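By our numbering, the letter at position 42 of the sequence shown is numbered 43, and the numbering carries on one by one without gaps.
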Amino acid sequence: MGLTVPVNPKPFLNNLTGKPVIVRLKWGMEYKEFITAFFPYCVQLANTEDCIDGQFSGNLGEILIRCNNVLYLLAVPEDAEIEDAE
Numbered sequence: 002m003g004l005t006v007p008v009n010p011k012p013f014l015n016n017l018t019g020k021p022v023i024v025r026l027k028w029g030m031e032y033k034e035f036i037t038a039f040f041p042y043c044v045q046l047a048n049t050e051d052c053i054d055g056q057f058s059g060n061l062g063e064i065l066i067r068c069n070n071v072l073y074l075l076a077v078p079e080d081a082e083i084e085d086a087e
């Protein structure tokens with residue numbers, strides 16, 4: 002079983018600004034994108050791709066997500082293509 006390490010969200014999001022991430026919402030929707038900015042209660046994402054069941058569903062462009070709707074946010078490794086991340 003993996004060990005969960007608590008992370009302070011502000012420095013974590015600061016380090017991810019401009020980098021590819023995968024965001025999964027509580028409602029099951031998943032997005033692949035780049036964080037452009039974050040605010041106390043929202044995160045702004047650019048070049049957003051909508052994924053349903055892990056499959057590309059369409060481009061959404063720039064979106065704003067309220068943070069309380071986020072189930073998890075994963076950093077995509079630098080050497081991996083964002084399309085291949087799971």
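The beta-carbon is built from N, C-alpha and C at its ideal position, and this holds for glycine as well.
Note that the coordinates shown come from a computational prediction; the quantities given were computed from them, not determined experimentally.
Those residues which DSSP pairs with residue i across a bridge
i, result
"V44", "F39, I66"
"G59", "D51"
Residue i versus the options, residue with shortest Cα-Cα distance
i, options, result
"D54", "K33, T18, C68, F39", "K33"
"N70", "G29, L14, V8, N9", "G29"
"C68", "L61, Q56, V44, A76", "V44"
"P12", "A38, L61, N48, G62", "A38"
"V77", "N9, G3, T18", "T18"
"I64", "E50, L74, L75", "E50"
First through last residue of the beta strand (DSSP E) which encompasses residue i
i, result
"L75", "71 to 76"
"P21", "21 to 26"
Residue i: first and last residue of the uninterrupted alpha helix (DSSP H) it sits in
i, result
"P7", "Counting along the chain, P7 falls outside any alpha helix (DSSP H), and DSSP gives it neither H nor E."
Residue i classed as buried or exposed, judged by whether at least 16 other C-beta atoms fall within 10 angstroms
i, result
"F40", "exposed"
"P21", "buried"
"L72", "exposed"
"D85", "Residue confidence for D85 is low, a pLDDT of 43 falling below 50, so the modelled location carries little weight; the figure read from the coordinates is stated next. Burial call: exposed."
8 Å contact criterion, which residue i and residue j should meet: CB distance rounded
i, j, result
"A47", "F35", "5 Å"
"V24", "I66", "7 Å"
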